[in-house]
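Protein chains: 2
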Amino acid sequence: MSIYDSNSYFSCMISVSIIGAGNVATHLYKVFKKSEQVSVVQWYSRDLNKIKSYKNAVAITDQLSELELADIYIIAVSDDAIASVSEQLPFKDRLVVHTSGSVSIYDLDKKNKRGVFYPLQTFSKEAKVDFKKVPICIETIGKKNLPLLQSLAEAIGSKVYKVNPDQRKALHLAAVFVNNFTNQLYRIAHEITESEGVEFDILKPLILETANKVQHLSPYLAQTGPAKRNDKKTIKRHLKQLESEHHKAVYTLLTESIKKTHGR
Amino acid sequence: MSIYDSNSYFSCMISVSIIGAGNVATHLYKVFKKSEQVSVVQWYSRDLNKIKSYKNAVAITDQLSELELADIYIIAVSDDAIASVSEQLPFKDRLVVHTSGSVSIYDLDKKNKRGVFYPLQTFSKEAKVDFKKVPICIETIGKKNLPLLQSLAEAIGSKVYKVNPDQRKALHLAAVFVNNFTNQLYRIAHEITESEGVEFDILKPLILETANKVQHLSPYLAQTGPAKRNDKKTIKRHLKQLESEHHKAVYTLLTESIKKTHGR
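If you read the protein sequences in the order shown, they are chains Y and X. Following the numbering used here, the numbering of the first sequence begins with 1 at its first residue and continues without gaps. Following the numbering used here, the numbering of the second sequence begins with 1001 at its first residue and continues without gaps.
As structure tokens, then:
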């Protein structure tokens, strides 16, 4: 997927300004600071309190009007605020990107050069993030600014994928299935084990192995179990065993889904 | 969860006979052979071809009547065949266990001492199994034979959990959610990415991280995303984006499920 070898093009550091103080902004700040190929010029938050503990390491501001020159401005704010923040930027013709999986590149104000720098991973405030395991999907209008975004992603050790708007939307939606929905299945499993006073811990190795298996095998080939075998006896017993109507509904729908996939 | 320290009780090797030639039987055979605390007396399969490649390493047979004395007989056959195989055993008062998550201990013929030795993990024919990552759930009638089953599980490095029949049933059902159903969500994600010609590979780190996260955080606390936030705009856009009615149905039900869990 590499567009070109970045090192042969850029020998200078890439200067960035970070706009926003949420999880993504904070993790990006930390990994940029560690990279020798990136310099963080400024960090903006409308609430200075959120970033003031970093003030000895980086210039902080709560005024968009104070933003200085940088190669890339990274807007890492909530989806709803991206358009408005980009409008308020007091400069033009510079490279401005957002980090969202679902917001259109055209939501950025067209007075600047526009791009998307979307890290496809789940971030929590506390957990450390290894950016080697964070694929970064990049998008620009025209090809001119792709190399710079690619260099930035590579500077933090990430794998870079050039995507188009439809592909990014598809990835964001698919991510809801493999992250939010999968996590909800873990939650239901937790409810089921808890109701019998048995430790959820016992399921943790299976959860990991299920995720591991599809790293080198397609989900289609990795499938096993009563639904795939259309083992009616077990399916019936499971449904009888489930006490919550809501759990029954999830069981029924996903069993049908598996049967459909495997032609049962 | 340790009932006692096994080493102080058993200094002799535990002798086992394996009945069956499927995935579980084969993986158990291999790990038993590697353990210095276990000796495999015999391996039975009704189809000798399935195990004949092991004939120089272990006594094989296709006759239940030829089974010799062992501390534990492990019936690792399909659920439907367990009762019938246990009836056909030509001896009594010995310890006979099955390895199923869903079959009752009482399905074993009562002429022998009965137990369950249920490895809660997904096994595939090719993949190597690290039994350190396979929790083994054990069950007996009365407490007398628990220590021997516990020693056997510990001899292969597994974590042992003593469960009752309802707990084992709950675990087996919960395993369907975290393994088969989760894998089906991966499959749907694969369909979504494929339809836009984007690589499923991009999702693999997220799949792993989602599984990793609940190793030290409850699924409840690990949840994020549009359903948890009740972000109606994103949910509506996602539903519009999904082309398959079937994908829409899964999206809707799991979104409702998350909203329910998080009181939205």
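Here a beta-carbon is modelled for each residue, glycine too, at the ideal position from N, C-alpha and C. In this text, all values refer to a predicted model and were calculated from it rather than measured experimentally.
With a contact defined as Cβ atoms closer than 8 Å, Leu28 of chain Y and Ala76 of chain Y qualify at about 6 Å. Excluding sequence positions up to five before and after Lys1133 of chain X, its CB lies within less than 8 Å of the CB of Gln1121, all in the same chain and listed in chain order. Phe1117 of chain X: not part of any alpha helix (DSSP H); member of the beta strand (DSSP E) spanning 1113 to 1119, first to last residue. When Cβ-Cβ separations below 8 Å define contact, Arg264 of chain Y makes no contact with chain X. Here DSSP, grouped into helix, strand and coil, assigns Ile1141 of chain X to coil. Within chain X, the C-beta atoms nearer than 8 Å to that of Asp166 of chain Y come from Glu1196, in chain order. Here Ser35 of chain Y carries a coil assignment [DSSP, helix/strand/coil]. In the displayed model, Thr1061 of chain X falls within a strand according to three-state DSSP. In the structure shown, Ile14 of chain Y adopts extended strand secondary structure according to DSSP, grouped into three states. By the criterion of at least three beta-carbon pairs nearer than 8 Å, the segment 1039 to 1048 of chain X is in contact with the segment 1059 to 1072 of chain X. Collapsing the DSSP output to three states places His262 of chain Y in coil. Going by beta carbons, Thr182 of chain Y and Ala227 of chain Y fall outside the 8 Å limit. For Cys137 of chain Y, the closest alpha carbon among the candidates Y:Ile192, Y:Ala127, Y:Arg168, Y:Ser124 is that of Y:Arg168. By alpha-carbon distance to Ser102 of chain Y, the top candidate from Y:Val163, Y:Ala249, Y:Cys12, Y:Glu199 is Y:Val163. Residue pairing by DSSP puts Lys1162 of chain X in a beta bridge opposite X:Ile1138. His246 of chain Y and Tyr54 of chain Y have their C-alpha atoms spaced approximately 46 Å apart. If you draw a straight line from the Cα of Phe123 of chain Y to the Cα of Ile1258 of chain X, it is about 19 Å long.
Here the segment 103 to 119 of chain Y lies against the segment 82 to 92 of chain Y, with 3 or more beta-carbon pairs under 8 Å apart. When X:Ser1151, X:Asn1049, X:Thr1224 are compared, the shortest CA-CA separation from Ser1039 of chain X is found for X:Ser1151. Here DSSP, grouped into helix, strand and coil, assigns Ile19 of chain Y to strand. Between Ala170 of chain Y and Thr1252 of chain X, the C-beta gap is not smaller than 8 Å, which leaves the two residues out of contact.
With at least 16 other beta carbons inside 10 angstroms of its own, Arg1187 of chain X counts as buried. With a minimum length of 3 residues, the unbroken runs of beta strand (DSSP E) contained wholly in the segment 159 to 229 of chain Y fall at 160 to 162.
Listed along chain Y are Val178, Ala211, Val214, each with a C-beta nearer than 7 Å to that of Ile1207 of chain X. The alpha-carbon of Ala153 of chain Y is positioned some 21 Å away from that of Ile1207 of chain X. Beta-bridge pairing by DSSP links Tyr73 of chain Y to Y:Ser17, Y:Val96. Taking C-alpha positions only, Ser78 of chain Y is separated from Ser1195 of chain X by approximately 28 Å.
Under a 10 Å Cβ-count criterion, Leu1108 of chain X is classified as buried, with 16 or more other Cβ atoms of the shown protein chains found around its own Cβ. For Val1250 of chain X, no pairing in a beta bridge is given by DSSP. Across the structure, Ser1218 of chain X and His190 of chain Y are spaced so that their CA atoms are roughly 8 Å apart. Contacts with chain X at 8 Å (Cβ-Cβ) do not include Gly157 of chain Y. Around the beta-carbon of Tyr106 of chain Y, fewer than 16 other beta-carbon atoms lie within 10 Å, marking it exposed.
In this structure Asp1071 of chain X is buried. Its beta-carbon is surrounded by 16 or more other beta-carbon atoms within 10 angstroms. Here Val1041 of chain X carries a strand assignment [DSSP, helix/strand/coil]. Judged by DSSP secondary structure, Val1085 of chain X falls within the alpha helix (DSSP H) whose first and last residues are 1082 to 1088.
In summary, Glu1243 of chain X is exposed, with fewer than 16 beta-carbon neighbours lying within 10 Å of its beta-carbon over all protein chains present.
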